[in-house]
Structure formats: C-alpha cells, structure tokens
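Worksheet: the structure to be examined is printed underneath.
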Amino acid sequence: MSNNLIITIGRQSGSGGKEIGQKAAEKLGIKCYDKELLALAAKDSGLCEELFETHDEKPTKSFLYSLVMDSYSFGYTSSGYMDMPINHKIFLAQFEAIKALADRESCVIVGRCADYALEDYPNRVSVFVTGDDETKVRRLAERNNVSEAKAKEIMMKTDKERSSYYNYYSSKKWGDVRSYDLCINSSVLGIDGTVDMILAFADAKMKQYRAAQK
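Terminal number for the sequence shown in my numbering: 214, no gaps in between.
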C-alpha cells in the first residue's frame with residue numbers, strides 16, 4: 001500500500017465542501033479532483049464523457065432508460081461489462097479511476113462515493129462536511145444569484161440526489177457518522193477553520209498509519 005494521503009470529502013449542498021477540498025489540497029500542495037474525475041474516468045474507460053456528466057452523482061435511472069442509453073456508449077468489450085446497465089458502467093469506471101488516482105498520487109477527491117471506493121485504503125481520510133441550514137441556504141443564494149427560497153429548493157434537491165446515489169451504490173448511508181472518519185459542521189469554524197481541522201485530523205491519522213508500517 002502506498003504512502004499517498006487521500007482525503008475524500010462528502011458534503012451537503014451549500015456546506016462549502018468543494019471549496020474546503022480545494023483549499024485543503026492547495027495547502028498540501030496536491031490536486032483536488034471534483035468534476036475533473038469525470039474526464040479521467042471517461043478517458044480510461046473509453047465511454048463518452050457526456051454520459052458521465054449526465055449521471056454525475058444523480059439517482060440511478062430506470063433499467064429501461066439504461067438499455068436505451070447503452071446504444072450511445074462504447075468501450076469495454078468483455079461480454080460481462082457490455083451486459084451491465086449504463087449507470088453501472090459509469091459508476092464502475094469512476095470507481096476504477098478513483099483507485100488509480102489513489103495509487104498514483106496524494107490528492108483530495110470530492111464526492112462520487114470516493115470514500116467507499118477506497119474503503120480498504122488505510123491511507124484514506126474520509127470526511128463528511130455538513131452545515132447549518134441558514135448558512136448553507138445563504139451561501140447557495142449568493143453563489144447562484146437566486147432567492148433564499150430558491151436556494152433552499154436547490155439544497156434539498158441536490159442533497160436528495162447525492163443521498164440516493166451514495167446509498168444505491170455503496171454499502172453505507174450518506175451522511176451517517178458511522179460512514180466516515182470525520183464529520184464536521186463548517187458553519188461552526190468557517191471554511192478556513194474547517195480546512196485546518198481536516199488537515200490536523202489527516203496528519204494525526206497518517207502518523208498512526210506510517211508508524212504501523214515500520
């Protein structure tokens with residue numbers, strides 16, 4: 001197993017999870033992968049990148065939809081793989097891309113069940129970022145230039161989609177404290193304070209991991 005540090009970040013909509021991931025990566029001098037992961041998975045799998053964007057952290061589609069969309073996919077030639085519904089192909093390609101990243105370099109990965117994909121990696125630090133509803137709604141309203149009522153709709157819809165996606169593909173429950181190493185409310189410490197807390201936790205866990213290897 002490599003000595004790479006991999007921080008995975010699950011996040012509630014409006015919690016600032018993506019920004020937190022980017023800042024944590026910047027402080028560590030490593031890359032943060034969010035939607036960039038879609039392009040990597042598409043390149044490695046040979047599947048159309050638009051399919052990854054369509055299915056990105058979205059609830060699984062119906063089996064009929066999967067069969068129809070299969071005509072637009074291409075790539076893997078093994079019969080077992082070709083028999084899979086398209087949403088399963090997309091997830092598997094992302095799953096493999098995440099593992100390849102973890103084996104290759106230290107990085108921060110935002111969303112996409114990365115904590116589950118790397119469940120057997122002792123050098124993985126899994127984080128879930130939550131926040132107070134008032135703070136999350138305000139952040140979303142400012143970021144999307146919409147009313148707070150509309151921002152609340154966006155927040156609820158996005159969290160529902162992420163939860164459905166995670167719960168469908170993983171053996172764990174999205175947002176459940178038992179599914180992560182660290183759960184943190186970004187509304188308490190703010191973005192920068194949350195970044196510092198995550199990095200302190202990651203440093204402590206990696207010291208234990210490296211000591212155990214000696």
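No residue lacks a Cβ here, since even glycine has one placed at the ideal position from N, Cα and C. All of these numbers come straight from a predicted model, not from anything done at the bench.
query                                                                                                                             : result
By a C-beta neighbour count over all protein chains shown, 10 Å radius and 16 as the cutoff for buried, is G80 buried or exposed? : Confidence in G80 is poor, its pLDDT being 45 and thus under 50, which makes the residue's placement unreliable; the coordinate value appears in the next sentence. The residue in question, G80, is exposed, as its Cβ has fewer than 16 Cβ neighbours within 10 Å.
If you draw a straight line from the alpha carbon of L101 to that of L189, how long is it in whole angstroms?                     : 30 Å
Looking at the structure shown, is L118 part of a helix, part of a strand, or coil, going by DSSP?                                : coil
CA-CA distance, V127 and K207?                                                                                                    : 17 Å
When the distance is taken between beta carbons, is G17 closer than 7 Å to L140?                                                  : no
According to DSSP, which residues form a beta bridge with V127?                                                                   : I9 and L182
With three or more C-beta pairs closer than 8 Å as the rule, is the segment 148-159 touching the segment 23-41?                   : no
Can you tell me whether I20 is helix, strand or coil according to DSSP?                                                           : helix
Determine the extent of the alpha helix (DSSP H) in which V137 is found, giving its start and end residues.                       : D133 to N144
With distances taken Cα to Cα, identify the nearest neighbour of L92 among S170, S164, V129 and K152.                             : S170
Alpha carbon to alpha carbon, how far is Q12 from P122?                                                                           : 25 Å
Going by other Cβ atoms of all chains shown within 10 Å of its Cβ, with 16 needed for buried, is S179 buried or exposed?          : buried
Between L64 and V129, what straight-line distance do the alpha-carbon atoms span, to the nearest angstrom?                        : Confidence at L64 is low in this model, with a pLDDT of 36, below 50, so its placement is unreliable and no value can be given for it.
From K152 to A211, what distance separates their C-alpha atoms?                                                                   : 45 Å
Is K172 helix, strand or coil by DSSP?                                                                                            : coil
Hey, could you find the ends of the alpha helix (DSSP H) K31 is sitting in?                                                       : Per DSSP, K31 belongs to no alpha helix (DSSP H); it is in the beta strand (DSSP E), K31 to Y33.
Quick check: the segment 131-140 against the segment 28-36, are at least 3 beta-carbon pairs closer than 8 Å?                     : no
How close, in whole Å, do the beta carbons of D164 and I6 come, if the pair is a contact with beta carbons under 8 Å?             : According to the sequence provided, residue 164 is Ser. The question's Asp does not apply to it. That belief does not hold up - the Cβ atoms of S164 and I6 are roughly 25 Å apart, past 8 Å.
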